[in-house]
Amino acid sequence: MRLHQANGNETAEYLALSYCWGQTPTATTTTANLGSRLQGISWDELPATLRDALLSTYFLGIEYLWIDALCILQDNPADWMVESSKMDTKTDASPRWREICVRRAYMHTHDALFGTDGSTTADFNSFNRAFMFPALRRGWTFQERALSSRIVHVTSDELVWECRESTLCECSLQPPTRHLELRTENCLGQKQLRKWRWHEAPSKDTHALWLMLVHEYNTRQFTQPSDRLIAFSGVAKFFQESSPSTLGTYLAGIWSNNLTESLSWIALGLHSKSRRINGPSWSWSSVTGCTI
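Per the UniProt record's numbering, residue 1 is the first one in the sequence shown, and the count goes up by one each step.
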């Protein structure tokens, strides 16, 4: 196992990993250890999440796995800026996109009632837990999920498959309505965007969908609040390429053709107002905890 430094013309099938780093990440690539990592990486120095992801990649018959902590030089601001601005291409080019949380998956049974008409009911909340895991509260995973065509969520109970058409789990039970509501909260815009990327017109107008995504995005958490705009840049790039005449010029999180509505945001709470971030004061991205 080693890092592979691809040339500009090289193409290959790969998986991409989205996960929580934890409070004290240990497996990172720096300028000091880049040379040795190109020769080989010790299995023992990797945390369980990365080892599980590597094994899954191997058993799926895929040769490469992209992991941000290993594939971006973490002590080189120039390399980080270049690679982080291309995060959307990792999901766009990847044939399968995997969301992995810290917990490992294991098989678990659930009590269920099977009706004579073929219906199934159960007190089942694995779907709800899957979409409340720490990884899906991180700011960086927002566009990773929104721009991905296929996702495998590894939960503590089972694997959950998500694509633009459906969300399914290993037990084959459909989630009850009360869990479905929780599951879709704060991700409706992402679902609309994923369908739009696959040539289905959005049910909302373009700017309304943008504002919905911004609202959902502002519920996410960042270790470095200054990452907020760059972690949303892949979404902005897609909108800019898809509707340049409708939206106008992109201005730090808002669009020139919809200034009035885009500037109508408020900061929530005194603590949020004190969390000033580098950026223009008129943009929602300049403070944490704001809503449009």
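For every residue, glycine included, the Cβ atom is placed at its ideal position computed from N, Cα and C.
Exercise for the section: In the DSSP assignment, find the unbroken alpha helix (DSSP H) run with C71 in it and report its ends. Expected result: D68 to C71
Exercise for the section: Starting from the Cα of K86, find the closest Cα among N257, T246 and G234 and give me that residue. Expected result: G234
Handout entry: Residues of its chain near M1, where Cβ-Cβ distance is below 6 Å and the 5 sequence neighbours each way are ignored
Key = I41
Problem - Cross-strand partners of C163 (DSSP beta bridge) - result: R150
Exercise for the section: Kindly indicate which three-state DSSP category W282 falls into: helix, strand or coil? Expected result: coil
Problem - Start and end residues, alpha helix (DSSP H) containing A78 - result: P77 to S84
Problem - Sub-7 Å separation of L15 and L65 beta-carbons - result: yes
Exercise for the section: Just tell me which of I67, Q39, N33 and G139 has its CA closest to the CA of Q224. Expected result: G139
Handout entry: C-beta contact flag for R37 and L3 at 7 Å
Key = yes
Practice task
Count the other CB atoms, across all protein chains shown, that sit within 10 Å of the CB of V214; report buried if there are 16 or more and exposed otherwise.
Solution key: buried
Handout entry: DSSP-derived helix/strand/coil call for A6
Key = coil
Exercise for the section: Classify T260 as helix, strand or coil using the three-state DSSP reduction. Expected result: helix
Practice task
Tell me whether the beta-carbon of A252 lies closer than 7 Å to the beta-carbon of S283.
Solution key: yes
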